[in-house]
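Peer 1:
Spelled out as structure tokens, the structure:
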């Protein structure tokens, strides 16, 4: 699954909105992900052609990640998904009457 799972959409969104980030910066921005899981997710995204891993021959090692053109095409989709989720959360809390109305009239999926 190209963007399945808990962490891949977050990684893609961060790189799409913040630009190029080093591994340590991603780790700090995602405190609940383990180093092993972050490494695995980054490798899979690279293999799927959604991000670029650039290793610089320095001590200590410097590795930067950025989105490819294909990866950038997902950013607007992730932004829309995020906006949708915020509307749902607002409707659940009663803070957004229009979103609550939209939920009431939306078709049910079973």
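Numbering (the working numbering), first residue to last: 965 to 1074.
Even for Gly, the Cβ is constructed at its ideal location relative to N, Cα and C.
Because the structure is a prediction, the values reported are computed rather than measured.
CB residue 1015 to CB residue 1035, shorter than 7 Å?
Peer 2: Numbered from its first residue, the chain shown carries residue 1015 at position 51. Numbered from its first residue, the chain shown carries residue 1035 at position 71. It is a contact, given that the beta carbons lie within the stated cut-off.
Peer 1: Mapping the DSSP letters down to three states, classify residue 1073 as helix, strand or coil.
Peer 2: As a working note, residue 1073 is residue 109 in the chain shown. The predicted model places residue 1073 with a pLDDT of 43, which falls under 50 and marks its position as unreliable; any figure quoted below should be read in that light. Of the three classes helix, strand and coil, the one that applies to residue 1073 here is coil, per DSSP.
Peer 1: Assuming the contact rule is C-beta atoms closer than 8 Å, residue 1031 and residue 979 should be a hit. Round their C-beta distance to whole Å, please.
Peer 2: By one-based count along the chain shown, residue 1031 stands at place 67. By one-based count along the chain shown, residue 979 stands at place 15. Correct: roughly 5 Å between the Cβ atoms.
Peer 1: Are residue 977 and residue 1005 close, meaning C-beta to C-beta below 7 Å?
Peer 2: Here residue 977 refers to the residue found at position 13 when the chain shown is read from its first residue. Here residue 1005 refers to the residue found at position 41 when the chain shown is read from its first residue. No; because the gap between Cβ atoms is not below 7 Å, this pair is not in contact.
Peer 1: Among the residues of its own chain, which have a CB less than 6 Å from the CB of residue 1028, if the five just before and after it don't count?
Peer 2: For this step, residue 1028 is matched to residue 64 along the chain shown. 984, 986 and 1018, listed in sequence order.
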